[in-house]
Amino acid sequence: MVSLKNKTVFITGASSGIGKACAEEFAEKRANLILCARRKNLIDELAEKLKEKTKVFTIKLDVRNNNEVQKVVESLPEEWKSIDILINNAGLGRGLNKLYEDNVEGWEEMINTNIKGLLYVTRVIVPGMVNRGKGHVINIGSIAGHEAYPGGGVYCATKHAVNAITKSLRMDVLDKGIRVSTVDPGMVETNFSNVRFYGDEERAKNTYKGLTPLTGKDIAEAVVFCATRPPHANINEIIIMPSVQANTFVTSRKQQNL
Ligand SMILES: NC(=O)c1ccc[n+]([C@@H]2O[C@H](COP(=O)([O-])OP(=O)(O)OC[C@H]3O[C@@H](n4cnc5c(N)ncnc54)[C@H](OP(=O)(O)O)[C@@H]3O)[C@@H](O)[C@H]2O)c1
């Protein structure tokens, strides 16, 4: 197991859910953290909590804005410039409607965040890794990158895109000392469903009714596992599901004591 102590880790979408849990897990390992999200107050609060364990730098960033992404990364203070690990986590789903009835603005948000945002951040951070001859990109994909489900056409398309980008990037940097992994979860109880259903908390809660979903920490631990393999080993992909979810269609909704 490789030490993460004093490694610099750049996490997008660190204000909530999986990204926040990644910040907490990497802080436990004494990695230095660059935390990004649009809700700067939330990452500042998190930084305050984590600063007993490690150094934390926070940035207000909307990954959909390529100019902002470039400016933010290029103007990082010298001591934060050498990013060892990029965790491309920022993302969202919007709605669960039939494609022919769906809301186009939601499509734009998902495509601009999950695909274009991930590309913008990757495009600006990976060249530094190439110059230094080392680095690790860990994308948060989804089971939706391997399957499609009704009402999820565009979300699934964005996560299939993340899967393709991950595979292609891995080939592009194969001779550069850079590893590329993807961690692809099934149901994780975060703010995801609340965002997907535009703040309808009742509907969001029902997503997880009668089953024990994954937690952000479960996913963060898988991300740490990828990051701590010895340099000769790369975890290409981890698909991680709740024990009662076989795929996007089949779940056991009986309450179990897991
Ligand atoms: N929860 C699940 O069941 C599940 C399953 C598979 C995959 N995933 C994936 O896991 C990732 C994290 O989701 P989550 O479940 O942790 O949901 P979450 O609790 O809603 O967190 C989403 C994070 O993404 C950030 N974000 C969204 N749009 C952004 C933008 N334009 N610019 C910068 N940051 C942005 C949010 O921060 P701000 O709003 O503060 O910007 C927030 O920190 C996503 O890529 C999602 O697709 C989730």
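Per this note's numbering, the very first residue in the sequence shown carries number 12; after that it's consecutive.
For glycine and all other residues, C-beta sits at the position ideal for the given N, C-alpha and C.
Consult DSSP for Ile126 and reduce its assignment to one of helix, strand or coil. helix
Beta strand (DSSP E) segments (min. 3 residues) lying fully within the stretch 54 to 142: 67 to 71 and 96 to 99
Starting from the C-beta of Asn174, find all residues in its chain whose C-beta is less than 6 Å away, skip the five residues before and the five after it, and write them out in chain order. Gly152 and Gly156
Check this for me: beta carbons of Lys127 and Arg207, under 8 Å apart or not? no
How many angstroms separate the CA atom of Asn10 from the CA atom of Val255? There is no way to answer for residue 10, as the model of the chain reaches only from 12 to 269.
Closer than 7 Å to a non-hydrogen atom of ligand 1 - does that hold for the CB of Arg181? no
Going by DSSP, which residues form a beta bridge with Ile230? Answer is none; Ile230 lacks a bridge partner.
From this set, Tyr111, Lys71, Glu63 and Gly28, which residue's C-alpha is nearest Ile45's C-alpha? Lys71
Any heavy atom of ligand 1 closer than 7 Å to the CB of Asp95? no
May I ask whether a heavy atom of ligand 1 can be found less than 7 Å away from the beta carbon of Met198? yes
Just how far apart, CA to CA, sit Val115 and Pro161? 17 Å
Other residues of its chain near Val199: CB distance less than 8 Å, five sequence neighbours each side excluded: Gly28, Ile29, Pro224, Leu225, Thr226, Gly227, Asp229 and Ile230
Whole angstroms is fine: what's the gap from Gly117's alpha carbon to Asn43's? 34 Å
Taking a contact to mean a Cβ-Cβ separation below 8 Å, would you say Met121 touches Gly197 in this structure? no
Boundaries of the beta strand (DSSP E) in which Glu248 is found, first to last residue: Glu248 to Ile251
Regarding Ile151 and ligand 1, is the C-beta to nearest heavy atom distance less than 7 Å? yes
Host beta strand (DSSP E) of Ile154 (start-end): Taken as a continuous stretch (DSSP letters only), Ile154 belongs to no beta strand (DSSP E), as it is neither H nor E.
In angstroms, rounded to a whole number, what distance separates the CA positions of Asp55 and Glu158? 36 Å
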